[in-house]
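Please read the structure below before turning to the comments.
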Amino acid sequence: MKEKKYNISVEATLEVIGGKWKCVILCHLTHGKKRTSELKRLMPAITQKMLTQQLRELEADGVISRIVYNQIPPKVEYELSDYGWSLQSILDSLCAWGEKHITKVYGDKFSVLEENVLNDHLK
Numbered sequence: 001m002k003e004k005k006y007n008i009s010v011e012a013t014l015e016v017i018g019g020k021w022k023c024v025i026l027c028h029l030t031h032g033k034k035r036t037s038e039l040k041r042l043m044p045a046i047t048q049k050m051l052t053q054q055l056r057e058l059e060a061d062g063v064i065s066r067i068v069y070n071q072i073p074p075k076v077e078y079e080l081s082d083y084g085w086s087l088q089s090i091l092d093s094l095c096a097w098g099e100k101h102i103t104k105v106y107g108d109k110f111s112v113l114e115e116n117v118l119n120d121h122l123k
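Each residue of the sequence shown is one higher than the one before, starting from 1 at the first, in full-length UniProt numbering.
This is the structure in structure tokens:
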């Protein structure tokens, strides 16, 4: 394996949680274990292929754990690993900044935020 070089450490962070969906997935997992179908329902705009890819990458980076239950039909759940929980303050900060940004740009954040469990605290 070739030695990786980063210009600044935030590059390493973005390599793991960057992109449109990874932070959204991680935020949902801060509310407990989720099955793939639950995550898909919570993020209707994500394709099944992209969801699977993002889950695999997060698992490969050790940020989430995949739990397989030995039953029929098969059951798989995802949860944050201990390492993944270390991202919670980053995720909280991203959400707080996003709320401020939405208010600055749109005025009423409720006009642009969808109703879901992650936005319940705003009511």
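Built from N, CA and C at the ideal position, the CB exists for glycine as well.
Among the options, which residue has its Cα nearest to the Cα of residue i?
| i | options | result |
| --- | --- | --- |
| D82 | R66, K75, W97 and L94 | R66 |
| V76 | V24, I8 and I64 | I64 |
| L91 | T36, S9 and V16 | V16 |
| D61 | T47, G84 and Y69 | G84 |
| E79 | N7, L39, G19 and A12 | L39 |
| L58 | S93, G107 and L29 | L29 |
Kindly indicate the opening and closing residues of the alpha helix (DSSP H) around residue i.
| i | result |
| --- | --- |
| L26 | K22 to L29 |
Decide if residue i is buried, meaning its Cβ has at least 16 other Cβ atoms within 10 Å, or exposed.
| i | result |
| --- | --- |
| K4 | exposed |
Out of curiosity, what's the CA-to-CA distance linking residue i and residue j?
| i | j | result |
| --- | --- | --- |
| Q88 | V10 | 16 Å |
| C27 | L42 | 11 Å |
| S37 | V105 | 33 Å |
| P73 | H31 | 25 Å |
| K22 | L55 | 8 Å |
| I46 | I102 | 21 Å |
| Q48 | I25 | 13 Å |
| C50 | K20 | The amino acid occupying residue 50 in the given sequence is Met; Cys does not appear at that position. C-alpha separation (whole angstroms): 10 Å. |
| S86 | N7 | 23 Å |
| T52 | A12 | 22 Å |
- Message: In chain order, what are the residue ranges of uninterrupted alpha helix (DSSP H) at least 4 long that sit wholly in the UniProt domain "HTH hxlR-type" (8–106)?
- Response: 10–17, 22–29, 36–42, 48–60, 82–85 and 88–106
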